[in-house]
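Note sheet for the following structure.
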Amino acid sequence: MNYIGLSKILLLLLAVGYIIFEYFKQKNIRKDLLCFIFIYITLCIFTAAYWINIHIFYVISTFIASLLIVYIHKINIYYKYIDIISVIVITLIIGAWVGFVYAYLGGDSIYSIVNPDGRENKLYLTTFTNSKFANVIRPAGIFDEPGAFSFVICLIAAIRTLINKDTKVTWFMLITGLITFSLAHLVYIIFHFASEKLTIKKVAYLIPLLIVIMTVYKLSPLEEVVNITYVERLTVVDGELVGDNRSERTLTLAGYMSQDIPSIMWGINDVCINIMEMCVQRYGYVGATVLTPIFRYGILVSLPYYMLIAFLLYRGIGNRKKYFLIGIALLLMQRPYLFASGYAMLMLIPFYIEYNNENIDNNSLL
Numbered sequence: 017m018n019y020i021g022l023s024k025i026l027l028l029l030l031a032v033g034y035i036i037f038e039y040f041k042q043k044n045i046r047k048d049l050l051c052f053i054f055i056y057i058t059l060c061i062f063t064a065a066y067w068i069n070i071h072i073f074y075v076i077s078t079f080i081a082s083l084l085i086v087y088i089h090k091i092n093i094y095y096k097y098i099d100i101i102s103v104i105v106i107t108l109i110i111g112a113w114v115g116f117v118y119a120y121l122g123g124d125s126i127y128s129i130v131n132p133d134g135r136e137n138k139l140y141l142t143t144f145t146n147s148k149f150a151n152v153i154r155p156a157g158i159f160d161e162p163g164a165f166s167f168v169i170c171l172i173a174a175i176r177t178l179i180n181k182d183t184k185v186t187w188f189m190l191i192t193g194l195i196t197f198s199l200a201h202l203v204y205i206i207f208h209f210a211s212e213k214l215t216i217k218k219v220a221y222l223i224p225l226l227i228v229i230m231t232v233y234k235l236s237p238l239e240e241v242v243n244i245t246y247v248e249r250l251t252v253v254d255g256e257l258v259g260d261n262r263s264e265r266t267l268t269l270a271g272y273m274s275q276d277i278p279s280i281m282w283g284i285n286d287v288c289i290n291i292m293e294m295c296v297q298r299y300g301y302v303g304a305t306v307l308t309p310i311f312r313y314g315i316l317v318s319l320p321y322y323m324l325i326a327f328l329l330y331r332g333i334g335n336r337k338k339y340f341l342i343g344i345a346l347l348l349m350q351r352p353y354l355f356a357s358g359y360a361m362l363m364l365i366p367f368y369i370e371y372n373n374e375n376i377d378n379n380s381l382l
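Just so we're aligned, residue 17 is where the sequence shown starts under this note's numbering, counting upward by one.
Structure, rendered in structure tokens:
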């Protein structure tokens, strides 16, 4: 058992302890939650028995702990949490813009660390990044890559929308968050915009804003930046989108599983459960795709991830006001990290709020 395994088990024990404390305090633990966890752990036992590998329980411990922690709170507590998180995210976005300008004007990195995947993450004054084209950086805030920063921004925007937070602040985060130059961020904004109800007042704000943006775009170096970060990556070469770095990986994983049908149930190999480095040596770079969980762990262990995506799509399709949930589902397909410590809770909060669908008065500032 390595350090990561120990930390996950500790998180699970803390969550269980917290649940027991809350149970004796409130006596309102939901039976549907406990029933789901019991069934899910039972399914995971089959996978663990198939591989004779208990590491499966290290894998699921973060998800279960996060689910317990998210469910134990009433929805109104997230009004307080989201205010604090929104301030933090906006601060990181401002830092991203400062760092971007600093790098564009010729500033060099002042510090660097190595990400777990081996890539160097450099600090440009007020933001980290591992992506630079000439003097143009894609800011990542305090995260390991720009896409992760964008993912957090979009999820916070979705949570704010679900609990009826100030839309002006939400849109400020989304628009200024474009500094990550994430294509997925752009896609999410389209779905978020489609879920908005357009009024004459909103259009009156939108038209001058678009005029200002286009003017600044044409009269500043932004045109060059956009060409480097968006236009070139949206170019189709030999029938493939230049910025699409997941379709090929998805097809590769599908190819491996089509040659080994039982892997759909149990995962491709237990080395992909235990040691990712050995998995990469055997199967190449697995990456983060919608098939990555089933490839590594099999359908029984990965079931909550696919259930989450299906739920978001079900709630979003056919309901114009909830189109942004489709955008979140697409983001989750790109970042299948439901079993990762830094992502699980953030992914589960939108599900929990939408599942309960409670309307609570909002008296907070943001």
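Heads up, the beta-carbon is just placed ideally off N, CA and C, and yes, glycines get one too.
The beta strand (DSSP E) with residue i in it runs from where to where?
i: Leu139; result: Glu136 to Tyr140
Does the beta carbon of residue i sit closer than 9 Å to a beta carbon anywhere in chain B?
i: Ser147; result: In the structure shown, chain B cannot be found, because there is only a single protein chain.
Per DSSP, which residues does residue i bridge with? Please list them.
i: Ile129; result: Asn137
i: Ile153; result: Lys148
Starting from residue i, trace the alpha helix (DSSP H) in both directions and tell me its first and last residue.
i: Thr145; result: Looking at the DSSP string, Thr145 is not in any alpha helix (DSSP H); the run it does join, the beta strand (DSSP E), is Thr143 to Thr145.
i: Tyr120; result: Ile93 to Tyr120
i: Gly167; result: Residue identity check: residue 167 is Phe in the sequence provided, not Gly. Pro162 to Leu178 is the span of the alpha helix (DSSP H), which, as asked, contains Phe167.
i: Ser318; result: Ile315 to Gly332
i: Ala360; result: Ala360 to Asn372
i: Leu307; result: Unbroken run through Leu307: none, as it is neither H nor E.
i: Val185; result: Thr183 to Thr192
Is residue i helix, strand or coil by DSSP?
i: Lys47; result: helix
i: Lys90; result: coil
i: Leu348; result: helix
i: Ile68; result: coil
i: Leu199; result: helix
i: Pro278; result: coil
i: Tyr272; result: helix
i: Asn290; result: helix
i: Phe355; result: coil
i: Gly283; result: coil
i: Arg298; result: helix
i: Gly123; result: coil
i: Arg336; result: helix
i: Ile158; result: coil
i: Ser77; result: helix
i: Ser263; result: helix
i: Ser82; result: helix
Starting from the Cα of residue i, find the closest Cα among the options and give me that residue.
i: Leu319; options: Asn151, Ile85, Ile280 and Ile291; result: Ile280
i: Met361; options: Ala345, Leu84 and Val75; result: Leu84
i: Ile169; options: Lys181, Gly134 and Thr192; result: Thr192
i: His208; options: Phe340, Asn285 and Pro352; result: Phe340
i: Lys181; options: Asp124, Tyr94 and Ser198; result: Tyr94
i: Gly314; options: Lys148, Tyr322 and Gly283; result: Gly283
i: Val105; options: Gln350, Met189 and Val117; result: Met189
i: Phe149; options: Gln297, Phe197 and Met273; result: Phe197
i: Gly358; options: Lys96, Val130, Phe159 and Tyr66; result: Phe159
i: Asn151; options: Pro278, Phe116 and Ala326; result: Phe116
i: His201; options: Lys338, Ile342 and Tyr353; result: Ile342
i: Trp113; options: Tyr127, Ile98 and Pro162; result: Pro162
i: Val317; options: Tyr66, Leu50 and Lys47; result: Tyr66
i: Phe167; options: Tyr371, Tyr353 and Tyr368; result: Tyr353
i: Ala345; options: Ala356, Leu329 and Val130; result: Leu329
i: Phe355; options: Asn373, Ser128 and Ala304; result: Ala304
i: Leu108; options: Ile129, Ile195 and Gly332; result: Ile195
i: Lys337; options: Lys213, Gly33 and Tyr368; result: Lys213
i: Gly332; options: Gly157, Phe165 and Tyr371; result: Tyr371
i: Ile153; options: Leu121, Asn92 and Asp286; result: Leu121
i: Thr183; options: Ala164, Ser211 and Ala156; result: Ser211
Is the number of C-beta pairs between the stretch 137-144 and the stretch 170-177 that are closer than 8 Å three or more?
-> no
Is the stretch 265-283 touching the stretch 294-312 in the sense that three or more CB pairs, one from each, lie closer than 8 Å?
-> yes
Does the count of Cβ pairs from the stretch 73-82 and the stretch 359-373 closer than 8 Å reach three?
-> Touching, yes.
At least 3 beta-carbon pairs within less than 8 Å: the stretch 61-75 vs the stretch 283-290 | Result yes; three or more Cβ-Cβ pairs closer than 8 Å.
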